Structure formats: C-alpha cells, structure tokens
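Numbering (mature numbering (1 follows the signal peptide of the UniProt record, and there is no 0)), first residue to last: -22 to -1, 1 to 768. Built from N, CA and C at the ideal position, the CB exists for glycine as well. In this text, all values refer to a predicted model and were calculated from it rather than measured experimentally. These notes concern the structure reproduced below.
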Amino acid sequence: MGCLFLLLIVIFWLQYPLVIFSRHLCQLEQNLALQLLKLKLAIDDYASADCESNDHFPYPKTLSWNKSTDCCTWDGVTCDGVTGRITELDLSCSQLHGTIDSNSTLFQLSHLQKLNLAYNDFSPSQISIKFGWFPSLTHLNLSHSGFSGTIPSQVSYLSKLMSLDLSAGSRELDLSLSGFSGIIPYSIGHLKSLSFLDLSGCYFSGNIPPTIGDLTKLTTLRLFPNNFSGPLPSTISNLVQLVEFEISSTNLTGNIPNIFGNSTNLKSLSLSYNLFTGLFPSSVTNLTKLESLEISNCSITGPIPSIATGFPNIILLFLADNSLSGEIPSWIFDLPSLKYLVLRGNQLTGQLKEFKYNLLEVVDVGENKLHGPIPTTFSKLMNLTTLDLSTNSLSGSLDIGIFSNCKQLRRLGLSFNNLSVFSSQKDVTLPNSIGSLYVSSCNIRELNYLRAVKNIGNLDLSNNKMYGKIPDWAWSNWQVSVSYLNLSSNFLTVIDPLHHFKELVYLDIKSNLIQGQLPAPPPNMFLFIVSNNNFTGKLPSSLCKMSSLVILDLSNNSLSGIIPKCLVNMSTSLSVLDLHNNHFKGMLPRKLANCKALEVVDLAENLLNDTFPKWLGSLPRLQVLSLRSNGLHGRITTSRNQLKILDLSYNDFTGNLSERFFNNLKSMIIVDRTGTGTGNPLRYIGRIQYHDSLTLAIKGKKIELVRILSIFTTIDFSNNKFKGDVPKSIGNLSSLRGLNLAHNSLIGPIPQSFGNLSVLESLDLSWNQLSGNILQQLASLKSLAVLNLS
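Written as structure tokens, this is what we have:
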C-alpha cells in the first residue's frame, strides 16, 4: 500500500516543479491525501440540510482545495506551524456526499488531533476500525453524518481522546444522531482522558457497561435517548468531576441509585422518561451547585425530601408525571434563582404558598391534589409566561385581574378546580400577551376581562355559566386568531356565523341551548362538535368542503334531510362520524366506503331506510358501528373489520345469523382484560382531542359510554326479526362483555360454546323460542352480572 501511495504522488505531481512545494508548509503526501479524499466525495446542497437548524452555515469547504496552493491554507485544514503536519480537519457542514471506508486516504493523516465530519451525508458508511489509528486524536465528531452500525472496539485505542460525543455535534468525539447501534463496548473504559462523552440520539441497546465509571475525568455525559435496559450502574458514583449528566429516555429500570453524593460539581442532571421506580434519590439533595434537575415521567414515589438549604443556584426543576405525594416542601418556594417549576401530574397535597422571589417564568402544578385559595402574590411574578393550576381542588373566589400586571403571560390554566373566577373591575383585563386560556369549570358568567386580548389562539370556556350569546366584541376578536375554541356545557342560545374565523380548526359547542340552522363551518377544521343542542334543518353544503375533518359530531339535535354523499371528500381524514339521534332519512351514502380512516360510525336513532351496509366491511379501522333504531332491513352479511362494538338493535333485519359473520369478528376473539395491550395505559377509541360517546343497552339499562374503552366489546342484535339457531361461533368471541339477542325468533338450544365467554357481563336471550336445558357452563361465568332468558 505504501508503494502504491508513493506511485500516486509521483504521477499526480510530476507535472509540477518541486520548487513550488518547497515553499509550502503542508507536506506533499498530505496534500495528495486530501486531494484524493476530495475526488471521492461529491458536493450536494442537501447533504448538510440539518446544519442551519443548529446555528451553523453550510458551505462547500473543499472548493478552496487547489492543489497548487498550500493545503495548510485550505478551508477546514490546520497544520503544525513547525512540521507542517495536518493536526486538525474540520469538514463540518461542507455539503459532502459519498462514502468513507477503510481505504479512504483520510486515514493517511495519522497526526490528526481533531477531526470533525459532522453535518454531511456519508451514508451508508460504517465507522471503520481505522478511526482507532489516530494515536494523537483528542476530538472526534461524526454526528449528523450518516455513519451507522456498531462502534468498533478499536475506538478505545484513542487513549488521548478527551471528548467522545456520539450525538449532535461539537468539538469532541461526536457520533450523535448518527445511526450507530449495538451495545456500548466494555472497552470504552480505556478512554481514560475522556472529559466529554455524548452518545445521544443513537440506537444503543443492552446495559450501560459498568466500565463507564472508569472515565473519571468526565465532566459531561450524555446518553439520551437510546434503548438501554437494566439499571443505572452504581459505578457512575466514581465520576466525581461530572458537571452535566443527561440520561433521559433510555428505558432504564429499577430504583434510582444514590450515586450522586460525591458529584458535587453537577450543574445539570436529567433522568426523565425512564422506567425507574422507588423513592426520590436522597443523594440529589447534596448537589448544591445544581442549575437544572429533571426527574419527570419516572414513576418515583413518596415525598419530595426536605432540604435545609435547598438548591440556591437551581433555575429549572422538573418533577412532573410521577407519583410524588405529600406537601410541596417550603424550600421550593424560597429558591432565589428558580425560573421553571413543573410538578404536574403527581399526588401532591396541601396549599400553594407564596413564592419569595419573582424570577419565575413557568409554574405548572396541574393534576395534583392541592387545595385552598390561589395566592394573590402571583400578581408579583412579572416574568411569568406559563401558569397552570388546573385539575386540583383549589377553591374560593379568584379575581382574574390579579394577572393583569403579568405582561409576559402567554398560557393560563385554571380549569377543573372549585374556583369562581370573576373580574372586580370592568376596565382591568388580562394582558394582550395571553395566547392560551383554559378556564373550564370556573363558574364564569362574563368575559370583560378578555377585552384587551387580541391574539388568543386556544380558549377553553367550557362547563361555565355563560348565558345567551357571546358578546360581539369577543366574537370579533376571536375570528382573527383563535384555532381552538371550546364553549361546551354552557347556556348559550345563539351562535354567530363561523365563516369569518381564519384560524379555527377545533370547535366544541356541545351541550348548550342553541337553536336554528347549523352554522357553516370554516373549511380547514379538523374537529367540529355541536351535539346536544337543538339545531334544525338540513346540513349546510359548506360541510362538504371540510377535507381535513377528523371528528364530526352532530348528534342529539333535530337535523333532517339525507346524509350528503359529499362526506367522501373527507376520505383521508375522517375518523369519527356521529349523527345519532337526529331525523336523517333515506339511504346510507355508499361512498362512505372510501373513508378508510373511519373508526367510529354512529347513525343510531334516525329514520334511515336501507339494507345492511356490507360495504362497511372494507373499512380497515372501523371499531364502533351503531345503527340502532332505524328502518334498516334485509339480511346482514359478512364483516371483515376490527369491530369491537356492533349495535343493530331495533331495526327490521331478517334471516338466519351466519356462523361466518361472527367468525370474522377477529378483534373480539382475543381477551384484553386491562386494555393495556402491549403494556401501554388504558386506550380509548378515537383521537386524543375527543372522547367518543355511545348509548348502549347494558345490563338491562340504557347507558351512555362517554369514553369508549378499547377493552369493551359488545353485540346487540335485539328487537329484529332474526330466526334460526344461535350461532356456535359466538362462543369464540372470548373478549365479549355484552351480548343481546332478545326479541327475535331464534330457536334451538343455547350453544355449549357460550361457556367460553369468560369475561361476559351481560347476556340477554329473552323473548325468543329457545329450547333445551340452561347450560351449566353459564354458572361458571364469574363476570356475568345480568342473565335474562325469559
């Protein structure tokens, strides 16, 4: 290889007089190595697309690489002033595209001390073992560069390496967001000089090797996010020089060990979004230099410990979404540098105290069990941008005017407490900076305090005591900027036109007293809920222009006419179609079969006259179908979707119930007793912004399911004209919780397979012509609460 390299030098430079290079600091073979590297790589404007988003300016540095000039003067190249050897090569953000393999002339630059290849596109290159051949290397950055695969153990040969960064790019060994995978090798402990280690945003798995505790010179350790397993190694306690430790979103398990007692230089500690359990780590309380502490979404329990001195330098304190209990300790209210406090989603009790200092910008203590009044001293927090006190048990009358001096306030959440919000002075309003206001269930009667708010985007005034009509000045202000508007559960009788709203995408005005024609909605909406009012007449033609609509709920009104065929315009987005309890007539629009995103179709309690919509079987996501109380007739045919709730009761369907129909209800076969599926929390059918409701006959009574749990499965074919035997295949639907076949003309015995319905809660076979003995197996169904065979 060495002879070949010398031959290339001779051929490449034969045409140039050597006297020229005698005046160059750069050595001849290094000049050639860079030129051959340049020839191997192309310039692509998109190769450094991520560069600008990280405050860097991309440009092709290699364009300055002219072989007739001294390579020590080229962009990105730094040489030793005496020997002329290249010691630093910075090609970050150079718009380079191509591969770097073991044959690359890059590895001829054996005296490199710093190498930065970040923000280029070298995919699908893998990191070569020859990266371990730079004995003097102290800084290596391969982040955002398209390298992938496992890290070879030869990297551990870089004994002088001071900084290893496999994340987002800096002056060290940086491979972040670079596609590396596999496990972190134990040999990483050989990098004794390392002070900076960033492995964030990669695909590492397995346990964090305990040898990481051998890197005793580390000041920065970033491992987020990855897919590790197992506990946090106790050897971390050896890293006494740590200033920054970030290990959030890495799937670590077990208790958070008390390993931080000796790391007294720590300024930033992030352990959030892991699978930790146990108590708040007491060793953290010794870290008096902390400026940022994040232990959110970790399921830690118990009280927040009391600390004599607190954290005098802390700026950010995030302990959200755990199971912390007890009162908020008094030291939190006395932190002189605190700007960001998030304790949301715990079980904290007691009252809010007054904050001693006024640097706070974010205070979020929502979703706890706090009680008592809201301190009026919040008015002194002049830097507040976010205040969220929602979903607690805070009580008393709150003069919302106390926030009028918080000129930076952008988000205010007071919903779901026991508050009565009012304004004592008509000329005192919330600051114009407010962009999101959440005051659901606050006993609000008037809106004068919003007069000066011109740019609000999210507004929740639901479940209050507003009567009549929204003031004209408010409606005019909201038309310019509001995108989320919730006025549900009030006493409104009139709603002004909506077509002038420029940004509105979410509108919920359900459960009011509004009468008259349905207002024409703006075309860009994705959620339109007007249920439980008294709208009349036909659907406006503008409804057909809502091509982005996801939720359409017009239920419990007095709307009439036919269901328009143009709903197919929502074919790529429509997830929930709820028109139940209106006066729609005619046939079901066949083109709904093109709405492949549909999950819920509720057309119950209308005047529809049609046969069974067999085309609904082509909807791959459909989970809820309710056609109850219409004039539908004929035989029911095979269904092939993911139905969990099927209600065809109170129609005129006829014929035998086929074994095949029930065999195809695959989603009802697997029992999910918890709704957790693969370990996630209870799932609900429908989108997060909207919880579907459905009225079913359960255990002999009509019950409205406001949020439809995905574990709830039921079939109701009652009050039709079905005949023949009860299909045995129903017994295969082992996740079935409710079955109602009452008021038909079914004959024969109850199938023995019904004994397999282990989670069945309600069974109604009354008013048929069944015969034979009552199955002994039914007695063994421990969940069965209602049995009607009369």
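{"Check": "Whole-number beta carbon distance between Asn370 and Asn346, since they are thought to touch under 8 Å", "Outcome": "5 Å"}
{"Check": "Endpoints, beta strand (DSSP E) assigned at Asp450", "Outcome": "Note, Asp450: premise wrong, no beta strand (DSSP E); alpha helix (DSSP H) at Asp450 to Ser459."}
{"Check": "Inter-residue spacing [alpha-carbon to alpha-carbon] between residue 800 and Leu265", "Outcome": "This structure cannot settle anything about residue 800, because the visible part of the chain is limited to -22 through 768."}
{"Check": "Option nearest Asn396 by Cα separation, candidates Gln403, Asn44 and Ile352", "Outcome": "Ile352"}
{"Check": "Reference Ser520; option with closest CA among Ser270, Pro501 and Ser533", "Outcome": "Pro501"}
{"Check": "Under 8 Å between C-beta atoms of Thr213 and Pro188", "Outcome": "yes"}
{"Check": "Cβ-Cβ distance between Asn698 and Asn629 below 8 Å", "Outcome": "yes"}
{"Check": "Glu424 classed as buried or exposed, judged by whether at least 16 other C-beta atoms fall within 10 angstroms", "Outcome": "exposed"}
{"Check": "The alpha helix (DSSP H) enclosing Lys16, as first and last residue numbers", "Outcome": "Leu6 to Lys18"}
{"Check": "Where the alpha helix (DSSP H) through Asn641 begins and ends", "Outcome": "Glu637 to Asn641"}
{"Check": "Reference Leu49; option with closest CA among Glu7, Leu600 and Ser173", "Outcome": "In the sequence under discussion, the amino acid at residue 49 is Cys, which differs from the Leu named in the question. The option with the nearest alpha carbon to Cys49 is Glu7."}
{"Check": "Nearest-angstrom Cβ-Cβ length linking Ser526 and His561, presumed shorter than 8 Å", "Outcome": "The pair is not a contact, with the Cβ atoms about 28 Å apart (cut-off 8 Å)."}
{"Check": "Alpha-carbon to alpha-carbon, Ile725 and Met565", "Outcome": "32 Å"}
{"Check": "Contained alpha helix (DSSP H) runs [length at least 4] in the region 341 to 405, N- to C-terminal order", "Outcome": "none"}
{"Check": "With 16 other Cβ atoms within 10 Å as the buried cut-off, status of Leu624", "Outcome": "buried"}
{"Check": "Beta-carbon proximity list for Phe223, same chain, < 6 Å, skipping 5 on both sides", "Outcome": "Leu199 and Leu247"}
{"Check": "C-alpha distance - Leu738 paired with Gly160, whole-angstrom precision", "Outcome": "46 Å"}
{"Check": "Inter-residue Cα distance where the pair is Ala25 and Tyr97", "Outcome": "7 Å"}
{"Check": "Residue ranges of each alpha helix (DSSP H) within the region 449 to 529, 4 or longer", "Outcome": "450 to 459"}
{"Check": "Three CB pairs or more closer than 8 Å across the region 455 to 469 and the region 481 to 489", "Outcome": "yes"}
{"Check": "Simplified DSSP assignment, three categories, for Ile161", "Outcome": "strand"}
{"Check": "For Val221, three-class secondary structure by DSSP", "Outcome": "coil"}
{"Check": "Ile728 versus Asn205: straight-line alpha-carbon distance, rounded", "Outcome": "51 Å"}
{"Check": "Beta strand (DSSP E) runs contained entirely in the region 279 to 313, provided each spans 3 or more residues", "Outcome": "279 to 281, 294 to 296 and 301 to 305"}
{"Check": "Cβ neighbours of Pro499 in the same chain (closer than 6 Å, five flanking residues each side left out)", "Outcome": "Leu476 and Phe506"}
{"Check": "Whether Ser736 touches Leu759 by CB criterion (8 Å)", "Outcome": "yes"}
{"Check": "Minimum C-alpha distance to Trp745 - residue among Ser723, Thr231, Cys4 and Asn324", "Outcome": "Ser723"}
{"Check": "Between the CA atoms of His168 and Ser137 - distance to the nearest angstrom", "Outcome": "7 Å"}
{"Check": "Sequence-distant residues of the same chain with beta carbon closer than 6 Å to Phe(-2), five excluded per side", "Outcome": "Residue placement at Phe(-2) cannot be trusted, given a pLDDT of 48 that sits under 50; what the coordinates show is reported in the next sentence. Taken in chain order, the residues that qualify are Leu6."}
{"Check": "Neighbour-count burial assignment, Ala117, 16 or more Cβ in a 10 Å radius", "Outcome": "At residue 117 the sequence reads His, which differs from the Ala that was named. Answer is buried; the Cβ neighbour count reaches 16."}
{"Check": "Under 8 Å between C-beta atoms of Cys420 and Ser398", "Outcome": "yes"}
{"Check": "For Phe639 and Gln754, the rounded distance between their alpha carbons", "Outcome": "26 Å"}
{"Check": "Assigned exposure category for Thr616 - 16 Cβ within 10 Å defines buried", "Outcome": "exposed"}
{"Check": "Continuous beta strand (DSSP E) stretch holding Tyr318: start and end", "Outcome": "Tyr318 to Val320"}
{"Check": "CB contact flag (Leu621, Leu600, <8 Å)", "Outcome": "yes"}
{"Check": "Simplified DSSP state of Val554, which is helix, strand or coil", "Outcome": "strand"}
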